[in-house]
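For reference, the structure discussed in these notes is given below.
Protein chains: 2
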Amino acid sequence: MVGMDTRTALLDAAEKAARARGYDGFSYADLAAEVGIRKASIHHHFPAKADLAQALIERYTEHAYAMLDAAAAARSTGGARLAGVIGTYRESIDGGNRLCLCVAFCMGRDSLSPGVLAKLDAFHVHVAAWLGDAFALGASDGSITGVSDPVAEGQACLALMEGAQLIARAARDGTRFDAAVACLRERIAV
Amino acid sequence: MVGMDTRTALLDAAEKAARARGYDGFSYADLAAEVGIRKASIHHHFPAKADLAQALIERYTEHAYAMLDAAAAARSTGGARLAGVIGTYRESIDGGNRLCLCVAFCMGRDSLSPGVLAKLDAFHVHVAAWLGDAFALGASDGSITGVSDPVAEGQACLALMEGAQLIARAARDGTRFDAAVACLRERIAV
DNA sequence: GTCTATAATTAGATAGAC
DNA sequence: GTCTATCTAATTATAGAC
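Protein chains in written order, with the working numbering: chain D, 3 to 192; chain S, 3 to 192.
Structure representation (structure tokens):
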């Protein structure tokens, strides 16, 4: 990746580290080693670590929202949309170690700024609502079975996937995610 | 609590802090301030922080296992057992900030010893199996509706409750937990 | 934009007096 | 069992040269 700008390289390294070890689990020294500059130079791009956290969550959530929009546009049934998002959460585990950034940010030293916490919460609300729409669509088109309250199903589905990521990480075994979401996947009709 | 031994006071303070901020989120200095001794004195009881983590998870899981045994003995239907455990996870949130110790330990600096990680994983396996038994019982006694695969339901239920705690903590709002588990609670027949 | 050098703080941990 | 004093290492962050 010759010519990739340093700021983007820093964000990539920080996202990777944060999703593996949490916000307090990486330091400017780690990023410096990975990107190949000195840690003091990072402060030129992100004066304080809080600025980096803000940039991280903004880039992450905007990217996630775009992916959800694309998934809704590309898939016509509720079941297909649901299966796609479950697959995305599953893929991100990467051998039991890489979590959704918003799962990784949930635990830590209370060192996240109010602005970051607000984005974190907004992400949960947004994804749960998107999932609720998918359940509503799946109930009407017959692609998801047993739906009675789509809004509640959306909130449950998000919690299930986040908890499944957590358990998979603790066991360092991605198949734990599959075991936890097996019931949900069963409900998706072909 | 005059006369309470220092070791127990330290474990209590550490558990409270760990469940609020994670394993890397509290220091010996924090415990010293809360218990009222100097931080050097803590090393007399727990030479290294890893020893404290080991003692913490052992006390926590043994206590949890005893509670599960007691709940199984005291409640005759699967639905009653399930409702009891959901209630326990809900109560532990305490305003959106206190998580199950095993949820809190899932994220961090990779600083937990293999021994602690093994206990953490064993806890997940144990609780998921206990929940699976509750679903099986609930399916046969009619106290839980819509059960097809009790083992898979147990694994899903644990992930759901852990994710619900995470989301509630991120929002600093315990009612988020209720929203996430509403579908599950609906399935418990009176 | 990146560097060297350094400050200020905090972490987990140890030695030895009482 | 608890204390004071100290140590080493790591962290975030700043100043100023190139």
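Note that beta-carbon positions come from the ideal geometry of N, C-alpha and C, so glycine has one too.
These numbers come from a predicted model, not from an experiment.
Only counting the same chain, and skipping five residues up and downstream in sequence, which positions put a Cβ closer than 7 Å to that of Pro-152 of chain S?
Contacts found: Gly-134, Phe-137, Ala-138, Ala-141.
For Ala-182 of chain D, is the classification buried or exposed, using 16 other Cβ atoms within 10 angstroms of its Cβ as the cut-off for buried?
Buried, since its Cβ has 16 or more Cβ neighbours within 10 Å.
Simplified DSSP state of Ile-39 of chain S, which is helix, strand or coil:
In the three-state scheme derived from DSSP, where H, G and I count as helix and E and B as strand, Ile-39 of chain S is classed as coil.
List, in chain order, every chain D residue whose beta-carbon is nearer than 7 Å to that of Gln-157 of chain S.
Neighbourhood of Gln-157 of chain S in chain D, by CB distance below 7 Å: Ala-181, Ala-182, in chain order.
Return yes when the Cβ of Phe-28 of chain S is within less than 8 Å of the Cβ of Arg-92 of chain S, no when it is not.
At the C-beta level, Arg-92 of chain S and Phe-28 of chain S stay beyond 8 Å of one another.
Interface residues of chain S around Arg-111 of chain D at Cβ under 9 Å?
Within chain S, the residues near Arg-111 of chain D are Arg-23, Gly-24, Asp-26, Gly-27, Phe-28.
DSSP-derived helix/strand/coil call for Ile-95 of chain D
Coil.
Just to confirm, is the Cβ distance from Gly-98 of chain D to Arg-174 of chain D under 8 Å?
With respect to Arg-174 of chain D, Gly-98 of chain D sits close: the two C-beta atoms are nearer than 8 Å.
Under the assumption that Gly-165 of chain D contacts Glu-164 of chain S (Cβ atoms under 8 Å), give the Cβ distance between them as a whole number of angstroms.
Gly-165 of chain D to Glu-164 of chain S, Cβ: 4 Å. Contact.
Would you kindly work out how many angstroms separate the C-alpha atoms of Glu-188 of chain D and Thr-147 of chain S, rounded to a whole number?
For Glu-188 of chain D and Thr-147 of chain S, the gap between their C-alpha atoms comes out near 16 Å.
Does the contact criterion of 3 or more C-beta pairs under 8 Å hold for the region 63 to 79 of chain S versus the region 20 to 36 of chain S?
Because the criterion of three Cβ pairs below 8 Å is not met, the region 63 to 79 of chain S and the region 20 to 36 of chain S do not touch.
What does the alpha-carbon distance come out to for the pair Gly-176 of chain D and Gln-167 of chain D?
Rounded to whole angstroms, Gly-176 of chain D to Gln-167 of chain D spans 8 Å at the Cα level.
Beta-carbon proximity check, Ser-115 of chain D vs Ala-52 of chain D, cutoff 8 Å
For Ser-115 of chain D and Ala-52 of chain D, yes; Cβs fall inside 8 Å.
Where does Gly-80 of chain D land, buried or exposed, given buried means 16+ other C-beta within 10 angstroms?
With 16 or more other Cβ atoms from the protein chains shown falling within 10 Å of its own Cβ, Gly-80 of chain D counts as buried.
So, are the CB atoms of Leu-122 of chain D and Ala-158 of chain S less than 8 Å apart?
Contact flag unset, no.
Could you tell me which residues DSSP puts in a beta bridge with Ile-146 of chain S?
Note: Ile-146 of chain S sits in a beta bridge opposite S:Ile-190.
Interface residues of chain D around Glu-164 of chain S at Cβ under 9 Å?
Neighbourhood of Glu-164 of chain S in chain D, by CB distance below 9 Å: Ala-161, Glu-164, Gly-165, Ala-166, Leu-168, Ile-169, in chain order.
Taking all protein chains shown into account, do 16 or more other C-beta atoms lie within 10 angstroms of the C-beta of His-126 of chain S, making it buried, or fewer, making it exposed?
Of the residues assessed, His-126 of chain S falls on the buried side of the cut-off, its CB having 16 or more other CB atoms within 10 angstroms.
Residues of its chain near Gly-144 of chain S, where Cβ-Cβ distance is below 7 Å and the 5 sequence neighbours each way are ignored
Cβ neighbours of Gly-144 of chain S beyond the five flanking positions: Ala-191.
Ala-172 of chain S classed as buried or exposed, judged by whether at least 16 other C-beta atoms fall within 10 angstroms:
So Ala-172 of chain S ends up on the buried side.
Quick one: does Gly-98 of chain S have its CB under 8 Å from some CB of chain D?
Not an interface residue.
Select from D:Arg-21, D:Leu-84, D:Lys-18, D:Ala-11 the residue whose C-alpha is nearest the C-alpha of Ile-39 of chain D.
Measuring from the Cα of Ile-39 of chain D, the nearest candidate turns out to be D:Ala-11.
What is the residue span of the alpha helix (DSSP H) that Met-6 of chain D lies within?
Segment: none, Met-6 of chain D is in no alpha helix (DSSP H) and carries neither H nor E.
Can you tell me whether Arg-9 of chain D is buried or exposed, with buried defined as 16 or more other CB within 10 angstroms of its CB?
Burial call: exposed.
Whose C-beta lies closer than 7 Å to the C-beta of Ala-22 of chain S among residues of the same chain, with five residues either side of it excluded?
Answer for Ala-22 of chain S: Asn-99, Arg-100, listed in chain order.
Comparing alpha-carbon positions, which option in D:Ala-184, D:Val-118, D:Ala-131 lies nearest Leu-58 of chain D?
Per the C-alpha coordinates, the member of D:Ala-184, D:Val-118, D:Ala-131 positioned closest to Leu-58 of chain D is D:Val-118.
Between the alpha carbons of Ala-50 of chain S and Phe-107 of chain S, how many angstroms are there, rounded?
Rounded to whole angstroms, Ala-50 of chain S and Phe-107 of chain S show a C-alpha spacing of 17 Å.
Hey, is Asp-151 of chain S's beta-carbon within less than 8 Å of any beta-carbon in chain D?
Interface residue (Cβ-Cβ distance to chain D less than 8 Å): Asp-151 of chain S is classified as such.
In whole angstroms, what is the alpha-carbon distance linking Val-37 of chain D and Tyr-62 of chain D?
Their Cα atoms are separated by approximately 19 Å.
Taking the CB atoms as reference points, tell me whether Ala-170 of chain D and Leu-103 of chain D lie closer together than 8 Å.
No, these two residues do not count as a Cβ contact at 8 Å.
Closest by CA to His-128 of chain D, which one among D:Arg-83, D:Leu-160, D:Val-105?
The shortest Cα separation from His-128 of chain D among D:Arg-83, D:Leu-160, D:Val-105 belongs to D:Leu-160.
With distance defined between alpha-carbon atoms, name the residue in D:Glu-60, D:Leu-54, D:Asp-7, D:Met-6 nearest to Ala-16 of chain D.
Comparing alpha carbon positions, the residue from D:Glu-60, D:Leu-54, D:Asp-7, D:Met-6 closest to Ala-16 of chain D is D:Leu-54.
Give me, in chain order, the residues of the same chain whose beta-carbon lies closer than 8 Å to that of Lys-155 of chain S; leave out the 5 immediate sequence neighbours on both sides.
A quick correction: the sequence has Glu, not Lys, at residue 155 of chain S. Once the five neighbours on either side are set aside, the close Cβ partners of Glu-155 of chain S are Leu-133, Gly-134, Phe-137, Val-149.
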